[in-house]
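Participant: Mind the numbering: the sequence shown is residues 1 to 466 in UniProt numbering, read in order.
Just so it is clear, CB atoms sit at the ideal spot from N, CA and C, and this is done for glycine as well.
Have a look at this one.
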Amino acid sequence: MATRIDWDHDSVDGRLSSNGVLLLWLARPGNYTRWQTPPARDHTAAKIVEEMKAHGLHYHTCIAIKCGISRLITTYRFAGERYRRYYGREPPASPRMTPEDGWERAEATWRVNTTHCPTISSASGPTSQARQIDHGARQELNGQLGGIVVLVRITEDPEEPRYIRAIRMAFKRPNCWEPWADTRIPVTRFVEYFRMSLEDFMWLSDELHQELQLDPLGRGQPLSVEAQVAVGLYRLAHGTSYLTIGHVCQIGKETADNATARFVRAVLKVLHTSAIGYPSLDRTDLWDDIAASFEERQGIPHVVGAIDGTHIPISLPPGDTWKGYINRKSWSSIVFQCVVDGEGNFRNVSGGGPGSMHDSRVFRWSRLGLGLLPGYAEPRKIPVNHFLIGDAGYPSTVDILVPYPSVVSPANEWFNFLQSSTRIVVEQAFGRLKNRFRILLHAQRARPIRARNTTFLCMILHNLLN
Numbered sequence: 001m002a003t004r005i006d007w008d009h010d011s012v013d014g015r016l017s018s019n020g021v022l023l024l025w026l027a028r029p030g031n032y033t034r035w036q037t038p039p040a041r042d043h044t045a046a047k048i049v050e051e052m053k054a055h056g057l058h059y060h061t062c063i064a065i066k067c068g069i070s071r072l073i074t075t076y077r078f079a080g081e082r083y084r085r086y087y088g089r090e091p092p093a094s095p096r097m098t099p100e101d102g103w104e105r106a107e108a109t110w111r112v113n114t115t116h117c118p119t120i121s122s123a124s125g126p127t128s129q130a131r132q133i134d135h136g137a138r139q140e141l142n143g144q145l146g147g148i149v150v151l152v153r154i155t156e157d158p159e160e161p162r163y164i165r166a167i168r169m170a171f172k173r174p175n176c177w178e179p180w181a182d183t184r185i186p187v188t189r190f191v192e193y194f195r196m197s198l199e200d201f202m203w204l205s206d207e208l209h210q211e212l213q214l215d216p217l218g219r220g221q222p223l224s225v226e227a228q229v230a231v232g233l234y235r236l237a238h239g240t241s242y243l244t245i246g247h248v249c250q251i252g253k254e255t256a257d258n259a260t261a262r263f264v265r266a267v268l269k270v271l272h273t274s275a276i277g278y279p280s281l282d283r284t285d286l287w288d289d290i291a292a293s294f295e296e297r298q299g300i301p302h303v304v305g306a307i308d309g310t311h312i313p314i315s316l317p318p319g320d321t322w323k324g325y326i327n328r329k330s331w332s333s334i335v336f337q338c339v340v341d342g343e344g345n346f347r348n349v350s351g352g353g354p355g356s357m358h359d360s361r362v363f364r365w366s367r368l369g370l371g372l373l374p375g376y377a378e379p380r381k382i383p384v385n386h387f388l389i390g391d392a393g394y395p396s397t398v399d400i401l402v403p404y405p406s407v408v409s410p411a412n413e414w415f416n417f418l419q420s421s422t423r424i425v426v427e428q429a430f431g432r433l434k435n436r437f438r439i440l441l442h443a444q445r446a447r448p449i450r451a452r453n454t455t456f457l458c459m460i461l462h463n464l465l466n
């Protein structure tokens, strides 16, 4: 049964259960919320240990006591793994907190002597399985009672190594998505922040729910799926630093970085194949629709795509290793080759290589180019008797229609005008893409592979929102 211990201070009430767990109730006069000055520092951890020694009790683990207004000790945990790491041997046998060992009697005695007592979870097992006081009970204890609950494990061996563990207080993470879930927010304002409507946002969150759902670990509170999507979209839409995003969303910059990385991986895994790609070659009806969208522009038939390259700026550390990323305009970038249809949707994307690569070289190395150039076994991506339209940087073949390099007649000049007017759809797509996701306009301080994935993600979202 629990043994009563008389302390030197009247404000300390202790119960020592038969399983070696000491329950201390540090009573405080008055209400916490009415304190104007911090309480006297007579109940520090050192003072408790001193009184324990005076009673002939040697502590094996003592939880640090916080005297602040909103600081409560709520959990005692004996970390066996840390004990083995620090002392290089197995920890001593821990008593089991079971009703047979008298824990319920000690808890009942404690409840009788304290009104509005917080709830202790009914965990049963070794000491390493912590008994926690839930958040609501802590708030009740903090607001109505003047006391702190401390659990200390007692050992009779004074030579046993002491393990002092600092307890991290539970932090109730603010829901950074909750203010935006208000349907009273104007649609235009929501689109300004996240580049999509609330309906599209919730659809995207539902699609990524399985990939972004996080299980709570320890006493932390993970970000919700909506919060991770909001952080990722805000980063892509504005290109601001993680420090600024953390300030806006009331989270840490590391949390913002991790949430953005998870969001990028989830979108690439779930939506990549369905958002970007040409139809299969046997779907002649879909190919005819694509060709018709181009023919409506300037009357050039059988065009199924406009091809061009674009550079995405990145920030790289100094050194000879990264010289290949310096493009012809003398700034570091990665280059992408994209094919868009008549509606401005990205149908084929390849690249992500160093910015010094020419468009024709990227084309020859891409799967699209390997399927169209002679001498390669890569399957074709477009039907026969259909072709792409590109600028003078691409080779002139039966599958790629490029402008005349030199104008020798009015007919050549007129053709170049029609060809350029049709091909401009890809330039317009690049402009809308970079204006919508402004992270592509700033030099990303990331490795090329991460900048490449971010750019792919922006193109996927562009197709979904187009």
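With respect to the beta strand (DSSP E) encompassing Ala306, which residues constitute its N-terminal and C-terminal limits?
Facilitator: Run containing Ala306: 303-313, per the beta strand (DSSP E) assignment.
Participant: Could you compute how far the alpha carbon of Thr260 sits from the alpha carbon of Ser396?
Facilitator: Their backbone Cα atoms lie some 41 Å apart in a straight line.
Participant: Could you tell me how far apart the beta carbons of Gly324 and Val335 are, in whole angstroms, since I believe they sit closer than 8 Å?
Facilitator: Gly324 to Val335, Cβ: 11 Å. No contact.
Participant: Identify every run of the beta strand (DSSP E) within the UniProt domain "DDE Tnp4" (307-463), keeping only runs that are complete inside it and at least 3 residues long; order them along the chain.
Facilitator: Whole beta strand (DSSP E) segments, 3+ residues: 333-340, 346-354, 387-389.
Participant: Determine the contact status of Pro186 and Trp287, defining contact as a CB-CB distance below 8 Å.
Facilitator: Result no, Cβ atoms of Pro186 and Trp287 do not sit closer than 8 Å.
Participant: Identify, in the order they occur along the chain, each residue of the same chain with its Cβ nearer than 6 Å to the Cβ of Pro448, setting aside the five sequence neighbours on each side.
Facilitator: Cβ neighbours of Pro448 beyond the five flanking positions: Ile334.
Participant: Would you call the CB atoms of Val349 and Gly309 closer than 8 Å?
Facilitator: Taking 8 Å as the Cβ cut-off, Val349 and Gly309 do not qualify as a contacting pair.
Participant: What do you reckon, are the CB atoms on Tyr394 and Ser360 nearer than 8 Å?
Facilitator: Going by C-beta atoms, Tyr394 is nearer than 8 Å to Ser360.
Participant: Any idea if Ala451 is buried or exposed, counting beta-carbon neighbours within 10 angstroms, 16 or more meaning buried?
Facilitator: Buried, since its Cβ has 16 or more Cβ neighbours within 10 Å.
Participant: Would Asn385 be called buried (16 or more neighbouring beta carbons within 10 Å of its own) or exposed?
Facilitator: Flag for Asn385 reads exposed.
Participant: Do you know how far the Cα of Ser205 is from the Cα of Glu226?
Facilitator: Going from the Cα of Glu226 to the Cα of Ser205 covers about 6 Å.
Participant: On a CA-only basis, which of Lys434, Trp365, Gly342, Glu427 is nearest Gln298? Give me that one, please.
Facilitator: Ranking Lys434, Trp365, Gly342, Glu427 by Cα distance to Gln298 puts Gly342 first.
Participant: Decide if the stretch 233-241 is in contact with the stretch 265-281; the criterion is three or more beta carbon pairs, one per stretch, under 8 Å apart.
Facilitator: No, because fewer than three Cβ pairs between the stretch 233-241 and the stretch 265-281 fall closer than 8 Å, the two stretches do not touch.
Participant: Rounding to the nearest angstrom, what Cα-Cα distance links Asn327 and Gln210 in this structure?
Facilitator: C-alpha separation (whole angstroms): 40 Å.
Participant: Only counting the same chain, and skipping five residues up and downstream in sequence, which positions put a Cβ closer than 8 Å to that of Ser332?
Facilitator: Hits under 8 Å: Pro313, Ile314, Ser315, Leu316, Trp322, Tyr325, Ile326, Gly355, Ala443.
Participant: Count the other CB atoms, across all protein chains shown, that sit within 10 Å of the CB of Pro403; report buried if there are 16 or more and exposed otherwise.
Facilitator: Pro403 should be labelled buried.
Participant: Closest to Glu254 by C-alpha separation, out of Phe263, Tyr242, His247, Val264, would be which residue?
Facilitator: For Glu254, the nearest C-alpha among the options comes from Tyr242.
Participant: Kindly indicate which residue of Thr284, Gly239, Leu401 has the alpha-carbon position closest to the one of Ile307.
Facilitator: That would be Leu401, whose Cα lies nearest to the Cα of Ile307.
Participant: Just reading off the alpha helix (DSSP H) that Gly246 is part of, what are its end residues?
Facilitator: Start and end: 242-249.
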